[in-house]
Every structure is written in structure tokens, then in C-alpha cells.
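When you line the sequence shown up against my numbering, it's residues 9 to 282, in that order. Glycine included, every Cβ here is placed at the ideal spot set by N, Cα and C. Following: one structure in C-alpha cells, then a few remarks.
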Amino acid sequence: MNKKIIKFATFLSEKIPFLKPYAFDYYHKNLIGAKFTGWGMKTEHELPWNDEYSGKIFNKTCEDVQNFNFSKSFRMNENTLDELRWRHWIVRTATLHALKFAKSNEYNFVECGVGDGITSFFTMREIANYPLRTSDFSMHLYDAWAAMKKDRLLESELDSEGKYAELDFERTKNNLSEFKKQIVFHKGYIPSTFNSHPDSPDSIRYLHIDLNATAPTIDSLEFFLPKLAPGGVILFDDYGWAPYYDTKKAIDEFFSDKPGILMKLPTAQAIYYN
Numbered sequence: 009m010n011k012k013i014i015k016f017a018t019f020l021s022e023k024i025p026f027l028k029p030y031a032f033d034y035y036h037k038n039l040i041g042a043k044f045t046g047w048g049m050k051t052e053h054e055l056p057w058n059d060e061y062s063g064k065i066f067n068k069t070c071e072d073v074q075n076f077n078f079s080k081s082f083r084m085n086e087n088t089l090d091e092l093r094w095r096h097w098i099v100r101t102a103t104l105h106a107l108k109f110a111k112s113n114e115y116n117f118v119e120c121g122v123g124d125g126i127t128s129f130f131t132m133r134e135i136a137n138y139p140l141r142t143s144d145f146s147m148h149l150y151d152a153w154a155a156m157k158k159d160r161l162l163e164s165e166l167d168s169e170g171k172y173a174e175l176d177f178e179r180t181k182n183n184l185s186e187f188k189k190q191i192v193f194h195k196g197y198i199p200s201t202f203n204s205h206p207d208s209p210d211s212i213r214y215l216h217i218d219l220n221a222t223a224p225t226i227d228s229l230e231f232f233l234p235k236l237a238p239g240g241v242i243l244f245d246d247y248g249w250a251p252y253y254d255t256k257k258a259i260d261e262f263f264s265d266k267p268g269i270l271m272k273l274p275t276a277q278a279i280y281y282n
């Protein structure tokens with residue numbers, strides 16, 4: 009029936025041109041179902057991971073991450089992970105950009121704010137399956153795996169005091185055991201963990217920041233941006249998310265005099281291209 013309606017509406021709009029915008033509006037409101045709904049977005053276009061080429065590794069990772077042991081406060085389930093799929097697709101694409109375009113002889117990747125290890129898992133799966141990668145890439149993971157402290161929070165962020173107390177370092181290690189040879193864990197509060205490990209990277213291709221607080225976010229930028237190779241990327245998890253508006257303002261100010269491009273995304277993420 010829908011095909012007949014579409015065919016008739018197309019015929020009618022060609023014969024009576026002023027009806028075309030009304031036919032188009034009806035088509036989108038009534039005949040196309042949403043292909044993706046979640047995280048503040050509703051899209052009707054074809055999804056980028058629905059092909060046998062670019063989506064193969066990503067879709068397998070989406071399946072495998074459901075076997076993770078999640079922290080109780082995250083309330084992760086299959087529906088939640090599906091809602092996050094667009095955000096994880098951005099993680100996948102930013103990782104591939106860093107692999108292909110960063111001008112560095114080293115393959116160092118960094119994540120500040122790791123939690124249960126979901127986004128770093130997506131990152132490492134793409135690196136491990138990249139056809140031109142080196143076999144000795146390193147993934148540096150920075151997290152306290154402990155409650156957020158009041159002394160590192162702005163007044164507007166004080167509701168976050170004590171959050172993430174249920175994170176467990178061993179749980180994350182087990183979730184990411186597939187890549188235990190490539191991971192360097194930096195356990196502790198930022199910025200005290202910077203340079204505290206003998207294997208801290210001098211040059212990086214990729215930085216993912218998911219710290220949910222302004223001060224450690226800026227600390228991470230000040231420390232790692234000078235180490236970011238030309239062509240490398242910085243991906244922000246919660247750049248545009250309303251509860252973290254002060255962090256967004258601080259990021260905007262930080263990059264206001266930097267030569268790269270900050271691309272702001274409808275997923276609330278943002279990517280800085282160096």
C-alpha cells in the first residue's frame with residue numbers, strides 16, 4: 009500500500025508542482041520509520057554500519073561488548089548499547105582517522121576516563137584489525153577507578169561528588185583482557201598519574217576524553233595536546249551534553265587560539281582535528 013501511495017504522490021506532485029513540498033512532508037512523517045532513535049537523535053537515513061565492508065568489525069564489536077561485566081550504576085543492557093551505537097561509531101571512525109592520517113612513527117592511543125572499558129574496546133578492535141597497523145600499538149588508559157573528589161569539581165559539578173565509586177579496576181582489566189599485551193594502565197587521579205609511569209607516551213595519535221568534570225579535562229588537554237601528532241585527533245565524549253556545559257565552555261576557550269578544527273556532533277561528542 010505504501011508503494012502505491014508513494015507512486016501516486018510522486019505522479020501528483022509532478023503534475024501539480026506546488027503540492028511537492030506537502031507530499032515530501034507527508035512522506036517523511038508517515039511513510040518512513042526511524043532507522044535509529046537514541047541519545048537525543050532520530051534519523052531516517054541509512055545507517056553507516058549496515059554494510060559488509062565498513063561495518064563488519066564494528067558490528068562484531070557491538071555483539072561482543074554485550075558480554076562485558078558492567079558497573080551497576082551504568083544500567084547497561086542491550087537496549088542501552090543500541091542507543092549508544094552512533095556514539096561508538098564515532099569512536100570507530102575517529103580511531104581509523106588517527107591510524108590513517110596521524111604523522112607519527114609510533115602507535116600510541118590514550119583514553120582519559122575509562123570506566124568499564126567500553127569505548128577503549130571499540131578503539132582497540134579497530135586498531136587490531138587495521139590492515140596497515142604495526143603489531144606493537146599501545147593503549148594508555150587513565151582512570152582512578154574510584155569516586156570523584158570534591159576538590160576537583162566546580163560548584164556546578166558538585167552533584168558528581170562520590171560518583172563512580174563502584175568502578176572496579178579488576179573488572180575493567182577482565183573486560184579488556186583480549187588486549188592485555190597492548191594496554192598500559194595508569195591508575196590514579198588526573199593529573200597526578202601523568203608522567204608517573206616509565207612507559208608514558210611521548211607522542212600520541214589519538215586521545216579520548218570522558219572525565220565528566222572540567223578541571224581534569226583541561227589538565228588532559230594541556231598535557232597531551234603538545235604530544236598529539238599532526239593529523240591526530242582528540243575525541244570528547246560529553247562535549248555537548250547539557251549537564252557538562254561548563255566543561256564545554258572551557259574546551260571552547262582552550263581551542264579558541266589553536267590551529268586545528270573542533271567538529272561538534274549531534275551525538276554530543278566533538279572531535280578536534282590537529
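(message) Could you tell me the alpha carbon to alpha carbon distance between residue 56 and residue 247, rounded to whole angstroms?
(response) Within the sequence shown, residue 56 is the residue found at index 48, counting from 1. Within the sequence shown, residue 247 is the residue found at index 239, counting from 1. Residue 56 and residue 247: Cα-Cα distance of roughly 22 Å.
(request) Report yes or no: do the stretch 234-241 and the stretch 104-114 share at least 3 C-beta pairs separated by less than 8 Å? (result) With a cut-off of 8 Å, the stretch 104-114 and the stretch 234-241 count as touching, because enough Cβ pairs lie within range.
(message) Less than 9 Å between the C-beta atoms of residue 258 and residue 160, yes or no?
(response) Start at 1 with the first residue of the sequence shown, and residue 258 comes out as number 250. Start at 1 with the first residue of the sequence shown, and residue 160 comes out as number 152. 9 Å or more divides the Cβ of residue 258 from the Cβ of residue 160.
(request) Just the C-alpha distance for residue 282 and residue 66, rounded to the nearest angstrom, thanks. (result) Mapped onto the sequence shown, residue 282 falls at position 274. Mapped onto the sequence shown, residue 66 falls at position 58. Those two C-alpha atoms are separated by around 25 Å.
(request) Consult DSSP for residue 280 and reduce its assignment to one of helix, strand or coil. (result) The residue labelled residue 280 in the question sits at position 272 within the sequence shown. It is a strand residue.
(request) Could you tell me the distance, in whole angstroms, from the CA atom of residue 40 to the CA atom of residue 52? (result) As a first step, residue 40 is located in the sequence shown; it is residue number 32 there, counting from the start. As a first step, residue 52 is located in the sequence shown; it is residue number 44 there, counting from the start. Since pLDDT at residue 40 reaches only 49, below the 50 mark, its modelled position is unreliable, and the value read off the structure follows with that caveat. Between residue 40 and residue 52, the C-alpha separation is close to 7 Å.
(request) May I ask you to report which of helix, strand or coil DSSP gives residue 119? (result) For the purposes of this step, residue 119 is taken as residue 111 along the sequence shown, with counting starting at 1. Residue 119 falls in the strand class under three-state DSSP.
(message) Please identify the residue among 118, 163, 260 whose C-alpha is closest to the C-alpha of residue 194.
(response) Walking along the sequence shown from the start, residue 194 turns up at place 186. Closest option to residue 194, Cα to Cα, is 118.
(message) To test your reading of the DSSP string, which unbroken beta strand (DSSP E) runs of 3 or more residues are found completely within the stretch 91-175?
(response) Counting whole runs of 3 or more residues, the stretch 91-175 contains the beta strand (DSSP E) stretches 116-120, 146-151.
(message) Please return the same chain residues whose Cβ sits closer than 7 Å to the Cβ of residue 232, not counting the five positions on each side in sequence.
(response) The sequence position of residue 232 within the sequence shown is 224, counting from 1. For residue 232, where only same-chain residues beyond five positions count, the Cβ hits under 7 Å are 118, 212, 215.
(request) May I have the straight-line CA-CA distance separating residue 2 from residue 203, to the nearest angstrom? (result) The requested residue 2 does not occur in the structure, where the chain is confined to residues 9 to 282.
(message) Taking the alpha carbon of residue 76 as the reference point, which residue from 150, 185, 59 has its own alpha carbon closest?
(response) On the sequence shown, residue 76 is found 68 positions in, with the first residue counted as 1. If we check each option's Cα against that of residue 76, 185 comes out closest.
(message) Quick test of your reading: residue 123 and residue 175, contact by CB under 8 Å. State the CB separation rounded to the nearest angstrom.
(response) On the sequence shown, residue 123 is found 115 positions in, with the first residue counted as 1. On the sequence shown, residue 175 is found 167 positions in, with the first residue counted as 1. Correct: roughly 6 Å between the Cβ atoms.
(message) Just to confirm, is the Cβ distance from residue 255 to residue 276 under 9 Å?
(response) For this step, residue 255 is matched to residue 247 along the sequence shown. For this step, residue 276 is matched to residue 268 along the sequence shown. Not in contact: residue 255 and residue 276 (Cβ atoms no closer than 9 Å).
(request) Go ahead and pull the three-state DSSP assignment for residue 250. (result) Reading the sequence shown from its first residue, position 242 is the one you call residue 250. Correct three-state label for residue 250: helix.
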